[in-house]
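The structure appears right after this line, and notes come after that.
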Amino acid sequence: LRSDNIMLFIADESALDNFSQAEIRDPVRRKIINEMRTVYTSRALRDSTENNWPPPVLCDFGKARIEKTHKVINFSEVQPHIYRAWEVSFMMP
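Mind the numbering: the sequence shown is residues 24 to 116 in the numbering used here, read in order.
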């Protein structure tokens, strides 16, 4: 289990607007490494005391497969389309 395999949801999209406005008002510290790379300081997306955020969801099941009992043959894409990498969606090698 890794942090890459956990989906976090934003119930109230105004949190994104608040985040953007905070960045405009008070930009985070940053270090420019070169013209291709900049390292930024983290900024909290939400107030940690709020309890109205949905629970995280495990979204990557690795090599999970549907069994024969479901009568599905040659089904190999496990993740829902919305979460798939674009390489998988376009069937790229």
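Don't be surprised by glycine CBs; every beta carbon is placed ideally from N, CA and C.
Query                                                                                                               : Result
Beta-carbon separation (whole angstroms), residue 77 vs residue 34, contact threshold 8 Å                           : 6 Å
First and last residue of the uninterrupted alpha helix (DSSP H) at residue 51                                      : It is not in any alpha helix (DSSP H) - residue 51 carries neither H nor E in the DSSP assignment.
Residues bridged to residue 81 [DSSP beta-bridge criterion]                                                         : 29
Proximity winner among 112, 115, 82, relative to residue 25 (alpha-carbon distances)                                : 82
Close beta carbons around residue 62, own chain, < 6 Å, minus the five adjacent residues each side                  : 54
Under 8 Å between C-beta atoms of residue 79 and residue 31                                                         : yes
Start-to-end residues for the beta strand (DSSP E) that takes in residue 61                                         : 60-63
Other residues of its chain near residue 42: CB distance less than 8 Å, five sequence neighbours each side excluded : 66, 68
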